[in-house]
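Residue numbering for the sequence shown is 6 to 175, as defined by my numbering.
Step one of this worksheet: look at the structure below.
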Amino acid sequence: MGILVNHHRAFTMVFLSLLCTLGHAQLDASSDLYRTIKEIDSILFVEGFNQCKLKEMEPYIAVDLEFYHDKTGLSTSKTAFFEAVKQNICGNGVKKPIRKLVAGSMEVYPLYQNDVLYGAIQHGVHEFYIKESGKRPYITGIAKFTHVFTLQHGVWQLKRVLSYDHRAPD
């Protein structure tokens with residue numbers, strides 16, 4: 006357990022350091038990388054999370070995904086992530102959770118090694134809703150997120166997720 010805690014601390018420290026040093030490197034919404042990450046966000050959440058088209062999500066999730074959630078804890082694999090989505094997001098036909106990206110909140114920061122793009126940080130705010138049959142979706146919460154994507158053999162994959170500051174809507 007101590008190794009996991011130390012790994013978590015090290016990852017968090019490096020990650021927060023990256024965010025601080027990249028403060029002026031945020032991409033414009035018209036850049037190719039920004040549009041690519043926004044498109045993947047749509048596949049992961051509009052199609053995957055909201056519509057439960059899990060096969061659409063699959064290529065964009067890294068095998069060694071680490072998902073840090075301030076309410077539900079740590080998930081450390083693609084398999085565990087998909088099991089949680091199936092059970093908690095797609096398993097209740099009566100009250101279906103829906104995720105919406107807050108307009109204008111998304112930021113994207115490129116990650117380079119030796120002047121070669123290898124990843125991207127996506128940061129933003131999202132709202133969560135419940136959709137019930139015969140009713141309009143109603144908001145249940147809001148949270149911040151930070152995603153680390155890596156470019157693996159020409160495919161962008163979600164490798165690390167921080168989902169935090171979950172709270173009731175205003």
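All C-beta atoms, glycine included, are put in the ideal place defined by N, C-alpha and C.
Top-ranked residue by Cα proximity to residue i, from the options
i: Pro115; options: Ile144, Ile126 and Arg172; result: Ile126
i: Asp69; options: Val90, Thr81, Val113 and Lys101; result: Thr81
i: Lys149; options: Asn119, Arg40 and Glu112; result: Glu112
i: Lys83; options: Lys101, Tyr123, Thr77 and Leu59; result: Leu59
i: Ile66; options: Ala85, Leu79 and Asn97; result: Ala85
i: Trp161; options: Leu122, Thr151 and Arg141; result: Leu122
i: Leu64; options: Asp175, Thr155, Asn119 and Gly129; result: Strictly speaking, residue 64 in this sequence is Pro, with Leu absent from that position. Pro64 has its Cα closest to that of Thr155, out of Asp175, Thr155, Asn119 and Gly129.
i: Tyr143; options: Lys91, Pro102, Glu88 and Met62; result: Pro102
i: Gly159; options: Gly139, Thr151, His128 and Gly124; result: Gly124
i: Cys95; options: Arg40, Leu32, Ala34 and Glu52; result: Glu52
i: Ala173; options: Glu44, Val153 and Ile147; result: Ile147
i: Gly98; options: Cys57, Lys164 and Thr41; result: Cys57
i: Leu38; options: Arg141, Tyr117, Asn93 and Val107; result: Tyr117
Enclosing beta strand (DSSP E) for residue i [first to last residue]
i: Ala148; result: Tyr143 to Gln157
i: Leu167; result: Val160 to Arg172
Contacts around residue i, its chain only, beta-carbon distance under 7 Å, and the 5 residues preceding and following it disregarded
i: Arg104; result: Phe50, Phe54, Asn55, His131 and Phe133
i: Ala89; result: Ser80
i: Ile48; result: Glu61, Met62 and Tyr65
i: Ser110; result: Gly129 and Val130
i: Phe153; result: The sequence given here places Val at residue 153; Phe does not occur at that position. Within the same chain, Val153 has close Cβ partners Gly124, Ile126, Lys164 and Arg165.
i: Asp33; result: Tyr39
Bounding residues of the alpha helix (DSSP H) (the contiguous stretch that carries residue i)
i: Asp46; result: Asp37 to Asp46
i: Phe87; result: Lys83 to Ala89
Neighbourhood of residue i by C-beta, 6 Å cutoff - its chain only, sequence neighbours within 5 removed
i: Gly78; result: none
i: Glu137; result: Lys100
i: Thr151; result: His128 and Leu167
i: Ile42; result: Val113, Ala125 and Gln127
i: Ile45; result: Tyr65 and Trp161
Cut-off 8 Å between Cβ atoms - residues of its own chain near residue i, not counting five sequence neighbours on either side
i: Ser36; result: Val113
i: Gln31; result: Glu112, Val113 and Tyr114
The ligand ADP heavy atom lying under 7 Å from the CB of residue i
i: Gln56; result: Inclusion of the ligand ADP in the displayed structure is not the case, the ligand content being empty and no account of it being possible.
C-beta neighbour in chain B for residue i, strict 8 Å
i: Leu32; result: Among the chains of the structure shown, chain B does not appear; only one protein chain is present.
_Threshold first: 3 residues or longer. Then list the beta strand (DSSP E) segments lying entirely within the region 91-139, N to C._
You should have 100-106, 112-118 and 121-137.
_Sequence ranges, beta strand (DSSP E) only - wholly within the region 52-80, length at least 3_ = 66-74 and 78-80
*Is the region 160-175 in contact with the region 73-83, if contact means three or more CB pairs nearer than 8 Å?*
yes
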